[in-house]
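Residue numbers (UniProt numbering): 1 to 547.
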């Protein structure tokens, strides 16, 4: 049961304790539309909080006091009258308890009471102090924080609740003849994180919607397609599809139209579409923009080097990874270039209004956007690679501030993330194919699995593919170029493809080295480096070792 509608009256008549009244609510009533509640950090712990203008005092549940492991700072005698006309005496006072709402610390004095489903009730003493307005019809509270700063909070879906009884309580009920039912329960991990249980993140549910809410706003960066001089519109006939693919195409087109991402087109341009199977067996709709890409002037905006990104993480021990939801679809296409994105299907001719996958300059444009959005924080506590964001901090206290600033930045720029692909408050995180910890950077075993299971190449194309994947982790393999030389020689135009013993030995050695790759520590660089170099007729190499 949740306690709400408290009315604790002040005043001191001799030795008579103060009196008050409290109304008992169940969880559903506490979550009704005429009551505003939410989850906030109280003394750095997530707490379920009820804003109650009917209470002249503010209360904290006994169970939450135990969770915080705090001692009372004062004591008063307060009689609280319940709905059943019974008086309950409470008195432990906990002063200056930190209550964090929308990045602002709004401390309050809380009286201990046996609340059940609610951790904190904020009454008129706290509401008056911060000039709080409760807008029940909008499920919103507006208040004034430190220095008169206006703070607004919109209520979110409440936390789930389950009430349990002990075996002794069950036996007592059976002895008294209560009608009793028993069911067996099994906890099943759905794999989906609960946003309300994640500190700081629970303040930003609007950043993690199930679907992107509407069209992206007009941004400083928009996608444009600059063509080489003399390029004429390119149009190709649709590819043939199997019946299953036709049905999938129809459904995905309807979904894209409903979201407003595409519209019917009369453009002279037209690329064919095809499907690529995902890991889970579902089909991804792809537009074959290869000919358009060949005619497009390439955007030279630089993508960051992976090792440069990791160099910023020295000393960090707490990490959060944020993956944007359909990141490209959160950028508009310049209106003049929308017709160039047109694609042809069995069910009509359409063009994209938002940036689709498959266009040559899409990564560069999105990288430009993200760098502008996070410029104040880059290489301080945020690294970004296209739509992947890593927040890193040396302490949990710093991480709380850094994570809040990052999520606030996403909110202000109307950029949305996918909660199921994010990780928060981690001491070990997978990022860009690597495992990052306080100790350093190592190879992600799940990514190396593809290298280990790679069969011996039978063509130059397969050799290039293998070297491309293995080369991504070359910093972990000493003498990578030397080991890979027999394979590299096969890729030369003047060399006939012939898989021999040297190639097989190099192939297997690279696999072995990658599966036993060391953890690379991240040097601070403050003490300088020792440079080791070597050169011969076969090649040259250099290594910088931290002192």
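Glycine residues also receive a C-beta, built at the ideal position from the N, C-alpha and C atoms.
By alpha-carbon distance to residue 108, the top candidate from 119, 115 and 94 is 94. Taking C-beta atoms under 8 Å as the contact rule, residue 459 and residue 507 fail to qualify, at a distance of about 14 Å.
For secondary structure counted as the beta strand (DSSP E) over 3 or more consecutive residues, the region 297-357 holds these complete runs in sequence order: 318-323, 343-345 and 348-352. When the alpha-carbon of residue 390 is set against those of 455, 379, 397 and 396, the nearest one is in 379. Secondary structure note for residue 45: its beta strand (DSSP E) is the uninterrupted segment 45-51. For the region 106-185, the continuous beta strand (DSSP E) assignments of 3+ residues that do not extend past its boundaries occur at 108-113, 120-122, 133-135, 140-144 and 150-154, in sequence order. Taken atom to atom, the span from the alpha-carbon of residue 331 to that of residue 98 is near 39 Å. For residue 468, there is no enclosing beta strand (DSSP E); the enclosing alpha helix (DSSP H) covers residues 460-471. Within the model, the alpha-carbon separation for residue 328 versus residue 287 is close to 14 Å. Pairing residue 384 with residue 372, the inter-Cα distance amounts to about 11 Å. Between the alpha carbons of residue 260 and residue 216 lies a gap of roughly 10 Å. Rounded to whole angstroms, the gap between the alpha carbons of residue 153 and residue 196 is 15 Å.
Apart from the 5 residues on each side of it in sequence, residue 348 sits with its Cβ closer than 8 Å to the Cβ of 253 and 264 in its chain, given in chain order. Between residue 416 and residue 209, the C-beta gap is smaller than 7 Å, which places the two residues in contact. Looking at the DSSP output, residue 264 shares a beta bridge with 350.
Apart from sequence neighbours up to five positions away, the residues of its chain that approach residue 218 with a beta-carbon distance below 8 Å are 332, ordered along the chain. For residue 98, there is no enclosing alpha helix (DSSP H), as DSSP marks it with neither H nor E. Looking only at 365, 289, 199 and 123, the smallest Cα-Cα distance to residue 221 is reached by 365.
The closest CA to that of residue 200, considering only 370, 169 and 396, is found on 396. The three-state reading of DSSP puts residue 359 in coil, since its state is none of H, G, I, E or B.
Residue burial is scored here from C-beta neighbours: residue 289 has at least 16 other C-beta atoms within 10 angstroms and is therefore classed as buried. Bounds of the alpha helix (DSSP H) holding residue 508 are 501-515. The secondary-structure analysis by DSSP pairs residue 532 across a beta bridge with 543. In the three-state reduction of the DSSP assignment, residue 237 falls in the coil class.
Within the region 241-293, complete alpha helix (DSSP H) segments of at least 4 residues are found at 243-259, given in chain order.
By the CB criterion at 7 Å, residue 434 and residue 427 fall outside the cutoff. Counting every other CB atom within 10 Å of its CB across the protein chains shown gives residue 452 a total below 16, marking it as exposed.
Residue 510 is positioned such that its CB atom lies no closer than 7 Å to that of residue 456. Membership of residue 388 in any alpha helix (DSSP H) is not indicated; the residue belongs instead to the beta strand (DSSP E) covering 388-393. Counting C-beta atoms within 10 angstroms of its own C-beta, residue 350 has 16 or more neighbours from the protein chains shown and is therefore classed as buried.
Taking all protein chains shown into account, residue 402 has 16 or more neighbouring C-beta atoms within 10 Å of its C-beta and is therefore buried. DSSP places residue 426 outside any alpha helix (DSSP H); the residue lies instead in the beta strand (DSSP E), whose first and last residues are 423-426.
For the pair residue 352 and residue 341, the CB atoms are nearer than the 7 Å cut-off. Ranked by Cα distance from residue 423, the first of 499, 68 and 318 is 318.
With distances taken between CA atoms, residue 411 lies nearest to 102 out of 102, 275 and 53.
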